[in-house]
Amino acid sequence: MAYFSPETIEKVKKIDLLTFLKATNPEEVVYFSRGTYCTRTHDSLKISNGMWYWFSRGIGGKTALEYLIQVEEYSFTEAMNLLTKQLEYAPTAFINYQDKVKVDKLIMPEKSDNNDKAKHYLISRGIDESIIQECIDNDLIYEQKSNGNVVFVGKDNNQHSRYAFIRGSNLSRYM
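Take the sequence shown: its letters are residues 478 to 652, numbered as in this note's numbering.
And the structure:
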């Protein structure tokens, strides 16, 4: 059995699946949508933000090593041999996706002076007016100033806004 130093194993674990496939088998990688990729042989295997998940099998992971072992059914030794060869030829700069995503401040859409369009839209969707008013009073819903869309606000336990979802309030499907 081959021996791999802890340093080599750590380097191999930094290789994400997308980088590995693009370097070794680029025709296998298919763009799916919004930074998400799939493979030609496994269209339910999605790769995004440094992680992968095979929906039809219910398995996933972060690294190319996990992919080779779980999907391609390589032994640990076979997968390590393949990936260490890849390390010899590949650039050593790998993307650390956890470090890449950092949001300093949530920028919310500007509030309208009143919430008439938002109220009208939500009432037309069957939501009771008292519930709508309570959400407006608690700053969970408001009307966007620029176009009258409804802004739904998500808050954390400390009541700080952490999320906003905008829904068009125009009842017509065509603008």
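In this text, a Cβ means the ideal position worked out from N, Cα and C, and glycines have one as well.
Remember, it's a predicted structure, so these values are computed and weren't measured experimentally.
Cβ-Cβ distance between residue i and residue j below 8 Å
i: D639; j: G645; result: Note on residue identity: the sequence assigns Arg, not Asp, to residue 639. No.
i: M528; j: G535; result: no
i: T513; j: V507; result: no
i: Q547; j: A500; result: no
i: S589; j: Q621; result: yes
i: L560; j: I524; result: no
Cβ-heavy atom distance, residue i to the ligand FAD, below 7 Å
i: V627; result: This structure does not include the ligand FAD; it has no bound ligands of any sort.
Assigned exposure category for residue i - 16 Cβ within 10 Å defines buried
i: L583; result: exposed
i: V628; result: buried
i: E611; result: exposed
i: D614; result: exposed
i: T540; result: buried
i: Y544; result: buried
i: E487; result: exposed
i: I643; result: exposed
i: A479; result: exposed
Residue interval of the alpha helix (DSSP H) (run including residue i)
i: A641; result: Looking at the DSSP string, A641 is not in any alpha helix (DSSP H); the run it does join, the beta strand (DSSP E), is 638-644.
i: Y480; result: Y480 -> no alpha helix (DSSP H), and no H or E assigned at all.
i: I608; result: 606-614
First and last residue of the uninterrupted beta strand (DSSP E) at residue i
i: K632; result: 627-632
Cβ neighbours of residue i in the same chain (closer than 8 Å, five flanking residues each side left out)
i: I618; result: N592, A595, L599, I609, C612, V627, V628, F629, V630
Entirely within the region 499-571 and at least 4 residues each: give me those alpha helix (DSSP H) ranges in chain order. 541-547, 553-566
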